[in-house]
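Residue numbers (this note's numbering): 2 to 171.
Beta carbons are placed, not taken as given, at the ideal position from N, Cα and C, and that holds for glycine.
The block underneath contains the structure these notes are about, expressed in structure tokens.
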Amino acid sequence: MKPSALQFRQLSIDDVDAFRALRLCGMLEKPETFRTSYAEEAALPLIRLQQRLLHTPHQRMFGAWDGDALVGMAGLKREPIAVVHERANIWGVYVAPQARGAGVARGLIEAALDYARAVPELRRVTLMVNVDNAAARALYRKLGFTLVAGTLDAQRDEQMLLLLSGMPVS
Numbered sequence: 002m003k004p005s006a007l008q009f010r011q012l013s014i015d016d017v018d019a020f021r022a023l024r025l026c027g028m029l030e031k032p033e034t035f036r037t038s039y040a041e042e043a044a045l046p047l048i049r050l051q052q053r054l055l056h057t058p059h060q061r062m063f064g065a066w067d068g069d070a071l072v073g074m075a076g077l078k079r080e081p082i083a084v085v086h087e088r089a090n091i092w093g094v095y096v097a098p099q100a101r102g103a104g105v106a107r108g109l110i111e112a113a114l115d116y117a118r119a120v121p122e123l124r125r126v127t128l129m130v131n132v133d134n135a136a137a138r139a140l141y142r143k144l145g146f147t148l149v150a151g152t153l154d155a156q157r158d159e160q161m162l163l164l165l166s167g168m169p170v171s
């Protein structure tokens, strides 16, 4: 796959079938990286998946396309509560096996961060990464994320943080 053939864009409800198929493939391949099971996700009504793809002030889902095939995805969800509205979380990052090594994950995270940087209130972005995913951990470090100490959870995920504006965060 040529990196130049890839297109990165925000997903819309029209992309729901491709989104569902890619998520389900990811859950079969790496169930430990998702917070729900394949069976639960497969049983979700289409309207619930479409809600994840709605563009709102608090959420965006980004996709990487190789022609007509969705080969990667990453979501950005902002906190809607006023006292924590400066925070956002990257979630649901997955790249299909055939697209790995072509810059898909980097392009997706950069698209999410570009969007986050355009939101004046946002000061920090977090994400969770499995400790066994060395490639993802290395990519996130290259993009400026740092490990949040003491965040290892039962699924062996660690939280990483990126400060967007260089301003101190309380």
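Taking the alpha carbon of residue i as the point to measure from, which residue in the options has its own alpha carbon closest?
i, options, result
"Gly73", "Ala100, Arg49 and Leu54", "Ala100"
"Gln160", "Ile82, Arg107, Asn90 and Asp67", "Asn90"
"Arg10", "Phe35, Val85 and Asp115", "Asp115"
"Asp69", "Cys26, Gln8 and Ile14", "Gln8"
"Gln60", "His86, Leu45, Trp66 and Phe35", "His86"
"Pro121", "Leu148, Val94, Asp67 and Leu164", "Leu164"
"Pro98", "Trp92, Ala139 and Leu29", "Leu29"
"Phe14", "Ala44, His56, Ala43 and Arg36", "The sequence shown places Ile at residue 14, not Phe. The shortest C-alpha separation from Ile14 is found at His56."
"Gly151", "Ala139, Ala135 and Met129", "Met129"
"Phe35", "Val17, Trp92 and Ala44", "Trp92"
Keeping to the same chain, check which residues put their C-beta closer than 8 angstroms to that of residue i; ignore five residues upstream and five downstream.
i, result
"Phe20", "Leu12, Leu50, Arg53, Leu54, Met62, Gly64, Leu71 and Met74"
"Pro169", "Low confidence applies to Pro169: its pLDDT is 45, below 50, so where it sits in the model is not reliable enough to give any reading."
"Arg88", "Arg79, Glu80, Leu123, Arg124, Arg125, Val126 and Thr127"
"Arg157", "Glu33, Asn131, Val132 and Asp133"
"Ala6", "Asp67 and Gly68"
"Ala137", "Val94, Ala106, Val130 and Asn131"
"Asp16", "Leu54, Gly64 and Leu71"
"Ile82", "none"
"Ala43", "Leu25"
Mind reading off the beta-carbon distance from residue i to residue j? Whole number of angstroms is fine, and I expect it under 8 angstroms.
i, j, result
"Glu33", "Asn131", "6 angstroms"
"Tyr39", "Leu25", "6 angstroms"
"Ala103", "Leu77", "The pair is not a contact, with the Cβ atoms about 21 angstroms apart (cut-off 8 angstroms)."
"Val149", "Leu140", "In fact, because the Cβ distance is near 17 angstroms, the residues do not count as touching under 8 angstroms."
Given residue i, which residues of its chain have a CB within under 7 angstroms of its CB, disregarding the five upstream and five downstream residues?
i, result
"Ser166", "Arg124"
"Val96", "Val72, Gly73, Val105 and Ala106"
"Ser171", "For Ser171, the pLDDT reaches just 43, beneath the cut-off of 50, and the residue's location in the model is therefore unreliable, although a value from the coordinates is still provided. Same-chain partners within the cutoff: there are none."
"Pro46", "none"
For residue i, which beta-bridge partners are listed by DSSP?
i, result
"Asp67", "Leu7 and Ala70"
"Thr127", "Asn90 and Leu162"
"Tyr141", "DSSP, once it has assigned bridges, lists no residue as partnering Tyr141."
"Ala75", "Phe63"
"Arg57", "It is Thr, not Arg, that sits at residue 57 in the sequence shown. In DSSP, Thr57 forms a bridge with Gln60."
"Tyr95", "Met74"
"Thr147", "Leu162"
Only counting the same chain, and skipping five residues up and downstream in sequence, which positions put a Cβ closer than 6 angstroms to that of residue i?
i, result
"Val94", "Ala75"
"Gly27", "Tyr95"
"Ala119", "none"
(Q) Under 8 angstroms, with one C-beta from each stretch per pair, do the segment 141-150 and the segment 105-114 reach the 3-pair mark? (A) yes
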